[in-house]
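Read the structure below first, then the notes.
Numbering (our numbering), first residue to last: 79 to 209.
What follows is the structure in structure tokens.
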């Protein structure tokens, strides 16, 4: 459920995203047209440290949809979110100790949805300390 913590953090960083409206976790609803969703994605095995602490490396998929013929708007929102994630500081994200967030790849263009709206996708990972 760490995707929800990251979405909450993103919501607090910009007025362009509002959790539950144009920023969702786990699904991309039909409206609004310009929207983003974060999905939990398969990560790598944890790193075990001394004692009872370990580092999880979950991955996430970020999907951005633009309005019909709105490829540029979709890219603008994707670039905004990627910039925020790239600059995210270590800290407490809704109870999770996030050590860092790393972008995994560059945005890819997916086929448009049934309403001919452009869709972009990218992945990122986070180092999350657990105990």
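By construction, the Cβ of each residue, glycine as well, lies at the ideal position given by its N, Cα and C atoms.
Predicted model only: the values in this text are computed from it and were never measured.
Query, Result
"Burial state of residue 88, where buried means 16 or more other Cβ atoms lie within 10 Å", "buried"
"Identity of the residues DSSP links to residue 140 by a beta bridge", "116, 200"
"Cβ distance (whole Å) where residue 136 is taken to contact residue 118 below 8 Å", "7 Å"
"Check whether residue 152 and residue 112 have beta carbons under 9 Å apart", "yes"
"Residues of its chain near residue 92, where Cβ-Cβ distance is below 8 Å and the 5 sequence neighbours each way are ignored", "158, 162"
"Close Cβ partners of residue 172 (< 6 Å) along its chain, the five nearest in sequence each way excluded", "83, 86"
"Contacts around residue 134, its chain only, beta-carbon distance under 6 Å, and the 5 residues preceding and following it disregarded", "124, 206, 208"
"Straight-line gap, residue 114 to residue 174 (C-alpha atoms, nearest Å)", "22 Å"
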